[in-house]
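Trainee: Mind the numbering: the sequence shown is residues 37 to 435 in the numbering used here, read in order. Just so it is clear, CB atoms sit at the ideal spot from N, CA and C, and this is done for glycine as well.
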Amino acid sequence: MIRYPAFDPPEYVNWQADRQILDEYANTIEAYALRRDLVRALRPAQLIAMYEGLIRNRLHDIALKRWVKQGVISKAWLGIGEEAATIGVVHALQRPTKDNEGSTDFVAPMIRNAGACHEMGMKVADMLRGYLGTADSPTRGRDLHIGDFPHGVLAPVSPVGDIMAVTAGVALSFKQRRQPRVALTWIGDGSTKSGVFHETMNFAAVQNLPMVVIIQNNQVALGTRLDQHHRSNFADWPQAYGVKGAVFDGNHVLDAYAAAKLAVDGCRNGEGPFLLIAETFRMGGHATHDEREARETFDAKLFAHYGKRDPIGMFENYLIEGTLDLSNGRRMRRTTSMQERNAECLRQAEERVTAEVEQASAEALQSRAKLLSPPSAGTGVYANEEIVTSRKLIAVGAD
Ligand SMILES: Cc1ncc(C[n+]2csc(CCOP(=O)(O)OP(=O)(O)O)c2C)c(N)n1
Ligand SMILES: [Mg+2]
Numbered sequence: 037m038i039r040y041p042a043f044d045p046p047e048y049v050n051w052q053a054d055r056q057i058l059d060e061y062a063n064t065i066e067a068y069a070l071r072r073d074l075v076r077a078l079r080p081a082q083l084i085a086m087y088e089g090l091i092r093n094r095l096h097d098i099a100l101k102r103w104v105k106q107g108v109i110s111k112a113w114l115g116i117g118e119e120a121a122t123i124g125v126v127h128a129l130q131r132p133t134k135d136n137e138g139s140t141d142f143v144a145p146m147i148r149n150a151g152a153c154h155e156m157g158m159k160v161a162d163m164l165r166g167y168l169g170t171a172d173s174p175t176r177g178r179d180l181h182i183g184d185f186p187h188g189v190l191a192p193v194s195p196v197g198d199i200m201a202v203t204a205g206v207a208l209s210f211k212q213r214r215q216p217r218v219a220l221t222w223i224g225d226g227s228t229k230s231g232v233f234h235e236t237m238n239f240a241a242v243q244n245l246p247m248v249v250i251i252q253n254n255q256v257a258l259g260t261r262l263d264q265h266h267r268s269n270f271a272d273w274p275q276a277y278g279v280k281g282a283v284f285d286g287n288h289v290l291d292a293y294a295a296a297k298l299a300v301d302g303c304r305n306g307e308g309p310f311l312l313i314a315e316t317f318r319m320g321g322h323a324t325h326d327e328r329e330a331r332e333t334f335d336a337k338l339f340a341h342y343g344k345r346d347p348i349g350m351f352e353n354y355l356i357e358g359t360l361d362l363s364n365g366r367r368m369r370r371t372t373s374m375q376e377r378n379a380e381c382l383r384q385a386e387e388r389v390t391a392e393v394e395q396a397s398a399e400a401l402q403s404r405a406k407l408l409s410p411p412s413a414g415t416g417v418y419a420n421e422e423i424v425t426s427r428k429l430i431a432v433g434a435d
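1) Using three-state DSSP, classify Ala434 as helix, strand or coil.
2) Apart from the five residues on each side of it in sequence, which residues of its chain come closer than 8 Å, Cβ to Cβ, to Pro45?
3) Does the distance between the C-beta of Gly320 and the nearest non-hydrogen atom of ligand 2 fall short of 8 Å?
4) Near Leu164, what residues of its chain come up, given a Cβ to Cβ distance below 7 Å and the 5 sequence neighbours on each side ignored?
5) Thinking C-alpha only, which one of Ala276, Val300, Leu312, Arg217 is nearest Gly286?
6) Is Ser230 close to ligand 1? I mean its beta-carbon at under 8 Å from any heavy atom of the ligand.
7) For Gly197, count the other beta carbons within 10 Å of its own beta carbon; 16 or more makes it buried, fewer makes it exposed. Which is it?
8) Would you identify the three-state DSSP class for Phe339, choosing helix, strand or coil?
9) Given a cut-off of 9 Å, decide if Ile250 and Thr221 are closer than it, judged by their beta-carbon atoms.
10) Give the DSSP-derived three-state secondary structure of Tyr280 in the structure shown.
11) Using a threshold of 8 Å, is the CB atom of Ile223 nearer than that to any non-hydrogen atom of ligand 1?
12) Cα separation between Arg261 and Arg377?
13) Is there at least one non-hydrogen atom of ligand 2 closer than 8 Å to the beta-carbon of Asn93?
14) Kindly indicate the opening and closing residues of the beta strand (DSSP E) around Val143.
15) Can you check which of these residues, Gly177, Lys159, Met158, is closest to Tyr167 by C-alpha distance?
16) May I ask you to report which of helix, strand or coil DSSP gives Arg261?
17) Could you check what DSSP says for Glu315 in three-state terms: helix, strand or coil?
18) Please classify Met350: is it buried, with 16 or more other beta-carbons within 10 angstroms of its beta-carbon, or exposed?
19) Is there at least one non-hydrogen atom of ligand 4 closer than 8 Å to the beta-carbon of Ala144?
20) Once the 5 residues before and after Met237 are set aside, which same chain residues still bring their CB inside 6 Å of it?
21) Mark Ile38 as exposed unless 16 or more other C-beta atoms lie within 10 angstroms of its C-beta, in which case mark it buried.
22) Tell me which residues share the same chain as Arg79 and place their Cβ nearer than 7 Å to its Cβ, disregarding the 5 neighbours each side in the sequence.
23) For the region 117-130 against the region 88-102, do three or more pairs of beta-carbon atoms, one drawn from each stretch, fall closer than 8 Å, so that the two count as touching?
24) Any idea if Met368 is buried or exposed, counting beta-carbon neighbours within 10 angstroms, 16 or more meaning buried?
25) Could you check which residue in Ala171, His266, Arg72 has the C-alpha nearest to that of Ala413?
26) According to DSSP, is Gln56 helix, strand or coil?
27) Can you tell me whether DSSP reads Asp172 as helix, strand or coil?
28) Just to confirm, are Ala150 and Val256 a CB contact at a threshold of 9 Å?
29) Comparing C-alpha positions only, which one of Gly358, Gly306, Ala69, Ala241 sits nearest to Ala201?
30) For Val125 versus Tyr293, is the C-beta distance shorter than 9 Å?
31) Give me, in chain order, the residues of the same chain whose beta-carbon lies closer than 6 Å to that of Tyr40; leave out the 5 immediate sequence neighbours on both sides.
32) Shortest alpha-carbon distance to His325 belongs to which of Arg76, Val104, Asp54?
33) Closest to Met156 by CA distance: which of Glu137, Ser173, Thr316 is it?
34) Using DSSP's beta-bridge definition, name the partner residues of Val222.
35) Rounded to the nearest angstrom, what separates Ala385 and Gly231 at their Cα positions?
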């Protein structure tokens, strides 16, 4: 993909694929037969959609970073370097289309999983409006935690960990209604230390809920390194809760897809819940304000290690030099002309998504004229303005 020196982590600016790491990437898919078969069954349209999803996620974050540098917003929480753990997973779900209303899966992203919102069908412009707090944003200017029920997206909950309990509630409702739907959430390595994580995992396990939990281990919680807040091996945790689970490469969109698809299918067969662990790395600060601190928090070798494993660069190279011709879906012997065709398919995909995000950014900026009106503060909340301003009810409350 095109690189953006003013916004990309330095490791990505002149990014080149490393032969040995590319071989490891291909071997990861071959390592588990069940995952390998799912990946082999993917058609060009699905692979290109995943590639577009990764690019959309990266460009959404770059648009926000540009706004921070321009002083449009004060800071942004980004998922740069962690996109595969979001995009691969969402593509394993039953996502909203024109004719499947009421039967789709449900996601509860963290703010770092913004890619889940657009891949469930939310418009990038609406997500960006969330950051601007405009009156026409999905939360009508109330919060930058963005979600949208009709698209099957629960907005992130600010106290970390609490979204686990809400997701379990959604999964419980699917089970009680006997709907073959799955609720999926991500939780950071740090947030797994909250009590609600433990309570929810146990509750989901004993209730056999159709719920997938992904521990997104990006090796850090705010400014606290993993080794400062964690002793055990996450891979042992599914067994501790008596649930099925697995580890996947969080920088590998196909591994993420396949691991999530097995879990989601398992939930539909009544084998839930599932606890998956994505191993990845935050390539920036907790948010845009502390990127320098993040560089001081970790050994530069860790940035270098993950920097060579850019989830977009790796997937792009894998597709270009693979045996699947993206232009016609045929498996073929590798040839230079097929590599050129594949590269051209991906270049066009990137061009489409770049135009989409640029347009979204311009549309969102236009919304800045739509400011929130103070009286609307009582709209859309449990106690609406009539109740709040009704003397009678206030008097009852005072009793
Ligand atoms: C209950 C609670 N405590 C503290 C915070 C402040 N806080 C926001 S994000 C964060 C770190 C989360 O780390 P992790 O779960 O690893 O997720 P990551 O940011 O790495 O994706 C903290 C401490 C919060 N939002 N909620
Ligand atoms: Mg973390």
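Mentor: Checking against the coordinates, here is how it stands:
1) Summary for Ala434: the model assigns pLDDT 36, below 50, so the residue's position carries little reliability, and this model does not support an answer.
2) Ile116, Gly117, Met319, Gly320, Phe339, Gly343
3) no
4) Ala99, Ala396, Ser397, Ala400
5) Leu312
6) yes
7) buried
8) helix
9) yes
10) First, the amino acid is wrong: residue 280 is Lys here, not Tyr. Note: Lys280 maps to strand in three-state DSSP.
11) yes
12) 43 Å
13) no
14) 142-144
15) Gly177
16) strand
17) strand
18) buried
19) Judged by which ligands are present, ligand 4 is missing from the structure shown, whose ligands are ligand 1 and ligand 2.
20) Tyr277
21) exposed
22) Gly365
23) yes
24) exposed
25) Ala171
26) helix
27) coil
28) no
29) Ala241
30) yes
31) Ile98
32) Val104
33) Glu137
34) The question names Val, yet the displayed sequence has Trp at residue 222. Paired residue(s): Ile250.
35) 43 Å
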